[in-house]
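A.B. asks:
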Amino acid sequence: MPGLSGNRVKILTTSNKSVFASEGSGQDSSWRQLMNSAIRSGKDLLRAVQLDNSPISLAAAEGDFPVFVPVPFLERIEKSNVQDPLLRQVLPLADEDQTRAGFSVDPICESDAVLADGVLQKYRGRVLVIAAGACAINCRYCFRRFFPYEMAPRGDESWIKSALQIEGDPSVNEVILSGGDPLTLVDEKLSFICHRLASIAHVKRIRIHSRLPVVIPQRVTEGLLQTLQEIQIQHGVQVVFVIHSNHPNEIDDRVAESLSGLRMAVNQLLNQSVLLAGVNDDAAALIGLSEKLLAAGVLPYYLHQLDRVRGTAHFEVDVQRGKSLIDEMRSVLPGYAVPRLVKEYPGEPGKTVIA
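For the sequence shown, position 120 matches number 121 in my numbering, and the numbering has no gaps at all.
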């Protein structure tokens, strides 16, 4: 387990310049400013990537699920390329307005798994806490785009109630912080939550799911790394951190540096992807992603078949195509570099491994 030296986190960098702002320089406000300055409409997004004169039909559904694209992610999108795989993930195309049988607002029946406000249990021994309603970026394929985020804990009193709910069930040994994105909370709030959950005697692991280290690498602050290390040292729990990246172009040098720093602070650093038509449904993209993840200390973990949420049918990839892609990856990469292709079915005791 990584340790603390003089109450400061040891930072791994791949250049002469640290990825992190120096102490007292407002590093926490830096990522929050980047959140505040995000692109918030389809028209503005098209203008920013120099496609405002292209005959692209935007979704009327944009009003129900707003565009939200922070600048660090925006800068990785190739200009004037409507087929750019990063742009496709965030651009609200008119395809979203189409209805298709089998697609619903709650495809994995999370509403049936609610134990208390913001606390869900789908699998034995694990509970999921909706830590925040805000996200790092609004991905157009998001399976929680219709989720009632008003139920998420907000003040300290709400968080204490959530912790008491978990405390009352000794069969729970892992707590998953999800959302939205738990890293949209400031370091102080996240530290309070993590320490409270880690203090529960039967909790052995805390798992954090976040897209922020990829979208805004500045979010990986010294304060965040110190919190992750402290809860392991003080409470003896393991910390598993799961990022979400779908394409190698998402991982530039700055992201790779932040992921390397994050890897030093946790027990396991994993990646989950979603198999998406026009984004990563080719072997070269998936192989390139695995290579970049491994170089940054991240283990490829899951490649998800799309959860069939309403408005996302244009992203769906055939299961047989997904299996073929996994076979192609296995022919090139070592086994540990090949994610498992999985699908979530409501009521099952875990995710179903397809390939």
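No residue lacks a Cβ here, since even glycine has one placed at the ideal position from N, Cα and C.
Keep in mind the model is a prediction, meaning the values are calculated, not measured.
Output the residue ranges of the alpha helix (DSSP H) runs that lie fully inside the region 243-271 and measure 4 residues or longer, sorted by chain position.
C.D. replies: 254-266, all fully within the region 243-271.
A.B. asks: Less than 8 angstroms between C-beta atoms, sequence neighbours within five positions excluded: which residues of the same chain meet that for residue 302?
C.D. replies: For residue 302, where only same-chain residues beyond five positions count, the Cβ hits under 8 angstroms are 243, 271, 272, 273, 340 and 341.
A.B. asks: Should the region 177-184 be regarded as contacting the region 198-217, the criterion being three or more beta carbon pairs within less than 8 angstroms?
C.D. replies: With the cut-off at 8 angstroms, the region 177-184 and the region 198-217 touch.
A.B. asks: Out of 81, 202 and 114, state which residue places its alpha-carbon closest to the alpha-carbon of residue 349.
C.D. replies: Of the candidates 81, 202 and 114, the one whose C-alpha sits nearest the C-alpha of residue 349 is 114.
A.B. asks: Indicate the three-state DSSP secondary structure (helix, strand or coil) for residue 172 in the structure shown.
C.D. replies: DSSP places residue 172 in coil when its eight states are reduced to three.
A.B. asks: Compare the Cα-Cα distances from residue 277 to each of 235, 258, 326 and 256 and report the closest residue.
C.D. replies: That would be 326, whose Cα lies nearest to the Cα of residue 277.
A.B. asks: So, does the region 254-269 touch the region 97-107, judging by three or more C-beta pairs under 8 angstroms?
C.D. replies: Touching, no, given that fewer than three Cβ pairs across the two stretches are closer than 8 angstroms.
A.B. asks: Give the single residue among 257, 247, 193 and 255 whose Cα lies nearest to the Cα of residue 228.
C.D. replies: Answer by Cα proximity: 193.
A.B. asks: Using a Cβ-Cβ cutoff of less than 7 angstroms, which residues in the same chain neighbour residue 83 once the five nearest sequence positions on both sides are dropped?
C.D. replies: Taken in chain order, the residues that qualify are 52, 55 and 57.
A.B. asks: Look at the alpha carbon of residue 40 and the alpha carbon of residue 69, and state the distance between them as a whole number of angstroms.
C.D. replies: So the two alpha carbons sit approximately 6 angstroms from each other.
A.B. asks: Is it the case that the Cβ atoms of residue 357 and residue 120 are separated by a distance below 8 angstroms?
C.D. replies: Residue 357 is absent from the model: the chain starts at 2 and stops at 356.
A.B. asks: Can you give the Cα-Cα distance for residue 293 and residue 187, rounded to whole angstroms?
C.D. replies: Approximately 28 angstroms between the Cα atoms of the pair.
A.B. asks: Tell me whether the region 146-159 and the region 317-325 touch, counting them as touching only if at least three CB pairs, one residue from each stretch, are closer than 8 angstroms.
C.D. replies: Contact fails: fewer than three Cβ-Cβ distances are below 8 angstroms.
A.B. asks: Measure the CB-CB distance between residue 66 and residue 310 and report whether it falls below 8 angstroms.
C.D. replies: Against a cut-off of 8 angstroms, the Cβ pair of residue 310 and residue 66 comes out as no contact.
A.B. asks: Quick check on this structure: which residue in 308, 313, 345 and 296 has the alpha carbon closest to the alpha carbon of residue 338?
C.D. replies: The shortest Cα separation from residue 338 among 308, 313, 345 and 296 belongs to 296.
A.B. asks: For the putative contact between residue 246 and residue 215, defined by C-beta atoms under 8 angstroms, what is the C-beta separation to the nearest angstrom?
C.D. replies: Yes, residue 246 and residue 215 are in contact; Cβ-Cβ is about 5 angstroms, under 8 angstroms.
A.B. asks: Using the C-alpha atoms, what's the distance from residue 157 back to residue 33?
C.D. replies: Their backbone Cα atoms lie some 21 angstroms apart in a straight line.
A.B. asks: Taking only the alpha-carbon atoms, compute the straight-line gap between residue 87 and residue 248 and give it to the nearest angstrom.
C.D. replies: If you take the alpha carbons of residue 87 and residue 248, they lie about 8 angstroms apart.
A.B. asks: Start and end of the beta strand (DSSP E) containing residue 211?
C.D. replies: Run containing residue 211: 206-211, per the beta strand (DSSP E) assignment.
A.B. asks: Between the C-alpha atoms of residue 35 and residue 219, what's the straight-line distance to the nearest angstrom?
C.D. replies: The alpha-carbon atoms of residue 35 and residue 219 are separated by roughly 9 angstroms.
A.B. asks: Tell me the rounded alpha-carbon separation between residue 97 and residue 356.
C.D. replies: Computed Cα separation, rounded: 29 angstroms.
A.B. asks: Around the C-beta of residue 254, are 16 or more other C-beta atoms found within 10 angstroms, so that it is buried, or is it exposed?
C.D. replies: By the 10 Å Cβ count, residue 254 comes out exposed.
A.B. asks: Going straight from the alpha carbon of residue 225 to that of residue 59, what length do you get?
C.D. replies: Cα to Cα, residue 225 sits roughly 37 angstroms from residue 59.
A.B. asks: When you compare only the Cα positions, how much space is there between residue 205 and residue 154?
C.D. replies: The alpha-carbon atoms of residue 205 and residue 154 are separated by roughly 22 angstroms.
A.B. asks: Taking the Cβ atom as the reference point for each residue, do residue 288 and residue 333 lie within a distance shorter than 8 angstroms?
C.D. replies: In contact: residue 288 and residue 333 (Cβ atoms closer than 8 angstroms).
A.B. asks: To the nearest angstrom, report how far apart residue 165 and residue 198 are at their CA atoms.
C.D. replies: Rounded to whole angstroms, residue 165 to residue 198 spans 9 angstroms at the Cα level.
A.B. asks: Is the beta carbon of residue 138 sitting closer than 8 angstroms to the one on residue 71?
C.D. replies: Yes.
A.B. asks: Would you kindly work out how many angstroms separate the C-alpha atoms of residue 343 and residue 78, rounded to a whole number?
C.D. replies: Straight-line Cα distance between these residues: approximately 28 angstroms.
A.B. asks: When you compare only the Cα positions, how much space is there between residue 200 and residue 236?
C.D. replies: Cα to Cα, the separation comes out at about 6 angstroms.
A.B. asks: Does the beta-carbon of residue 305 have 16 or more other beta-carbons within 10 angstroms, so that it is buried, or is it exposed?
C.D. replies: Under this definition residue 305 is a buried residue.
A.B. asks: Taking its Cβ as the centre, do 16 or more other Cβ atoms sit within 10 Å of residue 25, making it buried, or is it exposed?
C.D. replies: Summary for residue 25: the model assigns pLDDT 36, below 50, so the residue's position carries little reliability; its value from the coordinates is reported in the next sentence. Looking at its Cβ environment, which holds fewer than 16 other Cβ atoms inside 10 Å, residue 25 is exposed.
A.B. asks: Which residues in the same chain have their Cβ closer than 8 angstroms to the Cβ of residue 286, if we skip the five residues on either side of it in sequence?
C.D. replies: These residues qualify, in order along the chain: 86, 248, 249 and 280.
A.B. asks: If I measure Cβ to Cβ from residue 189 and keep anything under 7 angstroms in the same chain, skipping five residues before and after, which residues do I get?
C.D. replies: There are no such residues.
A.B. asks: At which residue ranges does the region 43-87 contain complete alpha helix (DSSP H) runs of 4 or more residues, listed in the order of the chain?
C.D. replies: Correct list: 43-49 and 72-75.
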